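The UniProt record's numbering numbers the first residue of the sequence shown as 1 and each following residue consecutively.
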Amino acid sequence: MGGSTWEQLIDAMARTCEGCSRKNADAVQDRDANPSSPVIAAFKVFQQELDTRHDKYERLVKISRDVTIESKRTIFLLHRVTNVPDPEDILNEADGKLDGVRQKIGQIAEELRGEDIHQFHRAFTPGIQEYVEAVSFLHYIRHRGLISLEEINARLVFMRTEKVDPKGSAEALQPGAQVLTFQVTPSDYLLGVADLTGELMRMCISSVGNGDIDTPFQLSQFLRQIHDGFSYIGNTGPYEVSKKLHTLRQSLGKVEDACYTLRVRGSEIPKHMLADVFSSRTTLIDPEEGVHGQQL
């Protein structure tokens with residue numbers, strides 16, 4: 001076969017490939033220009049669903065951030081009970097703040113209506129954990145015990161009014177009441193209780209600094225019970241719980257160290273000097289915790 005024949009064959013193959021590419025490009029252009037294409041219609045539905053889900057996720061993140069901020073403010077307020085003679089006013093103010101937090105959680109319940117809670121759990125779990133920490137801290141100050149998961153969920157029932165049309169569009173819409181509930185998951189409850197131990201440790205140090213010798217021993221016994229409960233869970237619980245168990249042990253150790261000092265040297269240290277002694281000891285134990293506890 002001569003050279004000219006090879007050149008003709010190569011040119012023919014090139015024209016054939018060029019024609020196929022042009023046809024494929026024209027087919028893709030025609031498909032994109034055709035809105036009635038089932039593929040395009042399906043992907044538009046997927047796009048709308050993903051955009052809606054993403055927007056809902058972002059709204060939940062913002063609400064959770066508000067819940068976290070208000071819950072932290074409630075915790076800071078509750079730490080003042082060790083510095084006032086009558087803490088009832090502070091506890092009532094904390095109740096009002098937590099009512100506002102529950103209204104925020106009601107917004108989360110509205111967003112999750114008809115949705116799978118586990119698909120959006122990561123969006124609001126930080127706020128729920130902080131709320132559990134705040135409400136359990138208030139419950140301990142009042143009742144010297146641990147609030148249960150059932151008691152927390154019992155307060156997260158919301159009434160919402162919306163327009164309903166039972167008889168068709170010919171008549172005016174009538175307002176109807178609907179009950180919304182939000183259920184704190186067991187993992188969020190456990191994580192919130194684990195964070196509570198840090199606040200109880202700070203409360204212990206503040207109480208000792210104010211001359212209150214009984215509260216540290218009560219807190220030590222209570223924290224020991226919580227630690228024993230978490231020990232029963234062990235590695236069978238959520239991964240985050242096992243991570244916070246180390247912090248729980250640190251808080252328990254600081255409280256027991258304070259109780260040990262009170263038992264051994266409490267009689268030889270005047271009450272008006274306990275604040276200076278335990279401020280220095282807390283700084284030696286953990287400088288960051290000591291500074292944080294003094295700021296509270």
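We treat Cβ as the ideally placed atom computed from N, Cα and C, and that holds for glycine. Only a predicted model underlies this, so the values are computations on that prediction, with no experimental measurement involved.
With DSSP as the reference, label residue i as helix, strand or coil.
| i | result |
| --- | --- |
| V28 | Only weak support exists for where V28 lies, its pLDDT of 48 falling under 50; the value from the coordinates is given anyway. Helix, per DSSP. |
| Q183 | coil |
| S148 | coil |
| R113 | coil |
| G96 | helix |
| N210 | coil |
| R155 | coil |
By a C-beta neighbour count over all protein chains shown, 10 Å radius and 16 as the cutoff for buried, is residue i buried or exposed?
| i | result |
| --- | --- |
| P216 | buried |
| G253 | exposed |
| R224 | exposed |
| R53 | exposed |
| T181 | exposed |
| Q129 | buried |
| F46 | exposed |
| V179 | exposed |
| D116 | exposed |
| R144 | exposed |
| R263 | exposed |
| R113 | exposed |
| F43 | exposed |
| E199 | buried |
| V193 | buried |
| R202 | buried |
The alpha helix (DSSP H) spanning residue i covers which residue range?
| i | result |
| --- | --- |
| I128 | 121-143 |
| I63 | 38-78 |
| P87 | Neither: P87 is in no alpha helix (DSSP H) and is coded neither H nor E. |
| R224 | 214-233 |
Which residues does DSSP list as the beta-bridge partners of residue i?
| i | result |
| --- | --- |
| R160 | Q178 |
Determine the direct distance from the alpha carbon of residue j to that of residue i, and round the result to whole angstroms.
| i | j | result |
| --- | --- | --- |
| V39 | I63 | 37 Å |
| I141 | Q48 | 49 Å |
| E58 | D89 | 36 Å |
| L41 | D55 | The sequence shown places Ala at residue 41, rather than the Leu named in the question. If you take the alpha carbons of A41 and D55, they lie about 21 Å apart. |
| R160 | C204 | 41 Å |
| T261 | K97 | 36 Å |
| E110 | Q119 | 15 Å |
| G211 | V67 | 34 Å |
| S251 | T82 | 18 Å |
| A170 | Q103 | Only weak support exists for where A170 lies, its pLDDT of 47 falling under 50; the value from the coordinates is given anyway. Going from the Cα of A170 to the Cα of Q103 covers about 35 Å. |
| I75 | I105 | 17 Å |
| V28 | D51 | Because the pLDDT of V28 is 48, which lies under 50, any placement of that residue in the model is unreliable, and the number read from its coordinates should be weighed accordingly. So the two alpha carbons sit approximately 25 Å from each other. |
| V61 | I213 | 42 Å |
| H227 | A177 | 43 Å |
| T197 | L248 | 6 Å |
| N153 | N92 | 20 Å |
| R155 | A123 | 21 Å |
| Q107 | T125 | 14 Å |
Below 7 Å, is the gap between the Cβ of residue i and the nearest heavy atom of the ligand MG?
| i | result |
| --- | --- |
| P126 | As for the ligand MG, it is missing from this structure, which has no ligand bound. |
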